[in-house]
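Below is one structure, written out as C-alpha cells; the observations come after it.
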Amino acid sequence: MGSVEKRTFIALLVLTCVVLVGLAAVLWLVPYLGLANIHKNLPLILAVIFGAIVLFGLGGALTLIFTVIRGRNLFFNVRIRGMVIRWLFPVLVVVGKIIGINKERIQRSFIEINNQLVQVEAKKVKADQLLILLPHCLQNSDCVVRITGRVDNCKGCGKCKIKDLVALSDQFGFQISVATGGTLARRIVVERKPKLIIGVACERDLTSGIQDSYPIPVYGVLNKRPFGPCFNTDVDLGTVERAIKSFIQYEKK
C-alpha cells in the first residue's frame, strides 16, 4: 500500500467536503425567506450555525490531510483516528459508491490512512502488550493441528507462515493468536487486553477489526491470496516484522 491509496482517500475526502458545503448552503438557503418572515435575525442565526458546522468539518478534514501528507502529529488531532473510524469512513464508502469507486479500494485506502495515523499517534508498548492477530486461513488447509486460540500447538512443519510468526513471537515476546472470525477475534482482544494490535487479514476483515477494536490502535497488514479468498493465504513476513519493531519498546539494559 502507498501513495495510490492515500490519493484515493484524500480525493474522496475533498469531494465529500465539497458535497457537505453545498448541502449546508442548500439547507440554509431553502428556509431563508420563511425564517425572515418570522424574525429578521433568524437567517443570520441559521447561517452562523451552519457556518460553524462547515468550518468544524473542514478544519478536521484539513488536519487529517496535512497529517497524512506530512506524517506528523499535528495540533488537536488526538482523536482524529476515532473521527475517521466512526464517522468519516462510512460517509466515504457512500460517496465512493455513488461515483463508482470499488468498496475494496476504499477499504485499502482506509487501512493505509489508519496505519499512518496509528504510527503517528500510538506510543511504543512493551512486547507482551502487543498482540498479533492472524486469520485461520493463513494455516495450510491440509494441516490437521488445531491452532485456533492456541498457536503454540503448531508443529513447525513450514508449510505455512505460522511457523515463522511463532518464531518471531518467541524472539520478541509479543502475544500471538489465530481467530476464525470477528466474534472470536473480539473475545481474544477482551481476554488478552493488548495495548496495540497488529492484524493480518483481508480488506473487509481488517476494516471491521479496526472499527470493532477502537480505541485500541490496530495496525493492518493485508494478506496475500494466491488461491483466492479464505484459502491458504499468505503474508509478507518482512512487513509484519517491520511493524513489530516499530511498535515495541525496547528496555534499556
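To convert, note that position 40 of the sequence shown is 114 in my numbering; the numbers rise steadily by one, no gaps.
Note that beta-carbon positions come from the ideal geometry of N, C-alpha and C, so glycine has one too.
Model, not experiment: these values are computed from the prediction.
Going by Cα to Cα distance, which pick from F130, K200, L97 and S183 is closest to I271?
Start at 1 with the first residue of the sequence shown, and residue 271 comes out as number 197. Here the closest residue by C-alpha is K200.
Can you tell me which of G125, L258, S183 and R160 puts its alpha carbon nearest to the alpha carbon of I84?
If you number the sequence shown from 1, residue 84 lands on position 10. Answer by Cα proximity: S183.
Roughly how many angstroms separate the alpha carbons of K267 and V100, rounded to a whole number?
On the sequence shown, residue 267 is found 193 positions in, with the first residue counted as 1. On the sequence shown, residue 100 is found 26 positions in, with the first residue counted as 1. V100 has its alpha-carbon roughly 47 angstroms from the corresponding atom of K267.
What residue ranges within the segment 233–310 form continuous beta strand (DSSP E) runs of no fewer than 3 residues, ordered along the chain?
The segment 233–310 is shown to contain whole beta strand (DSSP E) runs of 3 or more residues at 249–253, 270–275 and 292–296, in chain order.
Separation of C217 from F305, as counted between CA atoms
If you number the sequence shown from 1, residue 305 lands on position 231. If you number the sequence shown from 1, residue 217 lands on position 143. C-alpha separation (whole angstroms): 12 angstroms.
Contact under 8 angstroms by Cβ, E178 with E277:
Here residue 178 is taken as the residue at index 104 of the sequence shown, counted from 1. Here residue 277 is taken as the residue at index 203 of the sequence shown, counted from 1. Cβ atoms of E178 and E277: closer than 8 angstroms.
Proximity to Q190 [Cα-Cα], best of K319, D310, Y293 and V309
For the purposes of this step, residue 190 is taken as the residue at position 116 of the sequence shown. A check of alpha carbon separations from Q190 across K319, D310, Y293 and V309 identifies Y293 as the nearest.
Exposure label - T307; buried when at least 16 CB within 10 Å
On the sequence shown, position 233 is the one that residue 307 refers to. The residue in question, T307, is buried, as its Cβ has 16 or more Cβ neighbours within 10 Å.
Evaluate L97 with the Cβ neighbour count: other Cβ atoms within 10 Å of its Cβ, from every protein chain shown; 16 or more gives buried, anything less gives exposed.
Mapped onto the sequence shown, residue 97 falls at position 23. Exposed, because fewer than 16 other Cβ atoms sit within 10 Å of the Cβ of L97.
Rounded to a whole number of angstroms, what is the C-alpha to C-alpha distance between L86 and G174?
The sequence position of residue 86 within the sequence shown is 12, counting from 1. The sequence position of residue 174 within the sequence shown is 100, counting from 1. If I take the Cα positions, the gap works out to 11 angstroms.
How far does the beta strand (DSSP E) with L205 in it reach, from first residue to last?
Counting from one through the sequence shown, the residue named residue 205 turns up at place 131. First-last of the beta strand (DSSP E) with L205: L204 to P209.
Can you tell me whether R155 is buried or exposed? The criterion is at least 16 other CB atoms within 10 Å of its CB, across all chains shown.
On the sequence shown, position 81 is the one that residue 155 refers to. Of the residues assessed, R155 falls on the buried side of the cut-off, its CB having 16 or more other CB atoms within 10 angstroms.
Cβ-based burial, S320 [other Cβ within 10 Å; buried from 16]
In the sequence shown, counting from the first residue as 1, residue 320 sits at position 246. When all chains shown are included, S320 counts as exposed.
DSSP three-state assignment for V92, whether helix, strand or coil:
For this step, residue 92 is matched to residue 18 along the sequence shown. DSSP places V92 within a helical segment (H, G or I) once states are collapsed to three.
Does any C-beta atom of chain D lie closer than 8 angstroms to the C-beta of N297?
Among the chains in the structure shown there is no chain D, since it carries only a single protein chain.
Given this structure, state the Cα-to-Cα distance separating N188 from C231, to the nearest angstrom.
Position 114 of the sequence shown, counting from 1, holds the residue named residue 188. Position 157 of the sequence shown, counting from 1, holds the residue named residue 231. Between N188 and C231, the C-alpha separation is close to 34 angstroms.
I123 by DSSP, collapsed to three states: which one?
Reading the sequence shown from its first residue, position 49 is the one you call residue 123. Shown here, I123 sits in a helix according to DSSP, grouped into three states.
Please name the residue in I139, T257, L239 and Q285 whose C-alpha comes closest to that of E79.
Counted from its first residue, the sequence shown places residue 79 at position 5. Closest by alpha carbon: I139.
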